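Here's the structure, in structure tokens; my notes come after.
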Ligand code: SF4
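In the working numbering, the protein residues as written are 127 to 355.
In structure tokens, the structure reads:
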């Protein structure tokens with residue numbers, strides 16, 4: 127299992143969505159953008175951007191997909207949204223997180239009724255996650271290319287049709303997430319909140335070098351980092 131500390135470039139954070147909100151609600155004042163600058167600097171000190179991933183060889187047996195992770199073998203029902211991973215040679219299982227400190231800062235602003243600060247910090251976190259997703263996407267595509275493999279669609283629990291959040295404990299088990307203080311709550315959501323999990327099949331049976339999600343009808347598709355690298 128690999129752990130990578132990722133870099134975030136604060137000067138390259140994208141706030142296009144915020145600008146659109148600002149047009150609507152007159153939030154685009156100089157004061158707001160000054161606050162955004164201050165909070166971006168705060169956020170840069172709070173986050174601990176980390177990618178955990180495991181590259182698991184896989185095989186199919188009796189309707190189940192077997193994942194080989196070190197000395198352990200995990201088995202999941204193919205019908206639980208995993209059929210597009212069955213032709214894979216390997217599946218990259220990953221989790222990207224900003225860590226919990228920024229989430230606590232947002233909660234603190236909420237509890238103090240500082241709603242603008244809370245909103246702006248949330249937008250900064252979302253933009254940071256986009257940057258980390260873009261880096262991770264490139265890393266997976268490069269990894270596949272070095273092996274002369276292509277990639278499946280990226281499978282995102284809770285977003286990819288048929289792949290429910292109930293797979294998150296499996297992902298955390300493979301990645302030993304508890305060692306980094308990452309858990310799954312009773313709603314199968316990852317904590318810290320600013321985290322995403324994913325699975326990508328790589329192998330010769332796929333046709334695409336580029337990695338895309340399959341989430342029809344998503345309202346955030348235009349700003350989605352998985353979609354728009
Ligand atoms: S299109 Fe992007 S933002 Fe929307 S659900 Fe899929 S991965 Fe998430």
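All C-beta atoms, glycine included, are put in the ideal place defined by N, C-alpha and C. Quick caveat: nothing in here was measured; it's all calculated off a predicted structure.
- Should the stretch 290-310 be regarded as contacting the stretch 236-249, the criterion being three or more beta carbon pairs within less than 8 Å? no
- Query: In whole angstroms, what separates the C-alpha of residue 143 from that of residue 254?
  - Reply: Walking along the chain shown from the start, residue 143 turns up at place 17. Walking along the chain shown from the start, residue 254 turns up at place 128. Cα-Cα distance, rounded: 13 Å.
- Under three-state DSSP, which class holds residue 410? Outside the displayed span of the chain (127 to 355) sits residue 410, for which this structure offers no information.
- Message: According to DSSP, residue 176 sits in a beta bridge with which residue or residues?
- Response: Your numbering for residue 176 matches position 50 in the chain shown. Note: residue 176 sits in a beta bridge opposite 131, 223.
- Task: For residue 214, name the three-state secondary structure that DSSP assigns.
- Result: By 1-based counting over the chain shown, the position of residue 214 is 88. The answer is coil: DSSP assigns residue 214 none of H, G, I, E or B.
- residue 271: CB within 6 Å of a non-hydrogen atom of the ligand SF4: Along the chain shown, read from residue 1 onward, the residue named residue 271 stands at position 145. No.
- Item | Beta-carbon proximity of residue 173 to residue 139, cut-off 7 Å | In the chain shown, counting from the first residue as 1, residue 173 sits at position 47. In the chain shown, counting from the first residue as 1, residue 139 sits at position 13. Taking 7 Å as the Cβ cut-off, residue 173 and residue 139 do not qualify as a contacting pair.
- So residue 249 is in the alpha helix (DSSP H); what residue range does that whole segment cover? Here residue 249 refers to the residue found at position 123 of the chain shown. It spans 241-272 - the alpha helix (DSSP H) in which residue 249 sits, taken as one unbroken run.
- Item | Candidates 237, 164, 233, 209: closest to residue 320 by CA position | Walking along the chain shown from the start, residue 320 turns up at place 194. Minimum Cα distance to residue 320 is reached at 233.
- Message: Just list the residues that DSSP pairs residue 203 with in beta bridges.
- Response: Counting from 1 along the chain shown, the entry for residue 203 is found at position 77. Residue 203 is bridged to 190.
- Task: Sort 212, 353, 197 by Cα distance to residue 204 and report the nearest one.
- Result: Within the chain shown, the letter at position 78 stands for residue 204. Ranking 212, 353, 197 by Cα distance to residue 204 puts 212 first.
- Boundaries of the alpha helix (DSSP H) in which residue 296 is found, first to last residue: Along the chain shown, read from residue 1 onward, the residue named residue 296 stands at position 170. Start and end: 294-301.
- In the DSSP assignment, what are the bridge partners of residue 325? Walking along the chain shown from the start, residue 325 turns up at place 199. For residue 325, which the question treats as bridged, DSSP gives the partners 219, 281.
- Message: Buried or exposed, going by whether 16 or more other CB atoms sit within 10 Å of the CB of residue 278?
- Response: Here residue 278 refers to the residue found at position 152 when the chain shown is read from its first residue. Label assigned to residue 278: buried.
- Can you list every residue whose CB sits closer than 6 Å to some heavy atom of the ligand SF4, going in chain order? 282, 285, 339, 341, 344, 346, 347, 350, 352, 353
- Is the number of C-beta pairs between the stretch 153-162 and the stretch 174-191 that are closer than 8 Å three or more? no
- Query: Beta carbon of residue 275, beta carbon of residue 328: below 7 Å?
  - Reply: Translated into the one-based positions of the chain shown, residue 275 becomes position 149. Translated into the one-based positions of the chain shown, residue 328 becomes position 202. The Cβ-Cβ distance between residue 275 and residue 328 falls below 7 Å.
- Count the other CB atoms, across all protein chains shown, that sit within 10 Å of the CB of residue 297; report buried if there are 16 or more and exposed otherwise. For the purposes of this step, residue 297 is taken as the residue at position 171 of the chain shown. Buried, by the Cβ-count rule.
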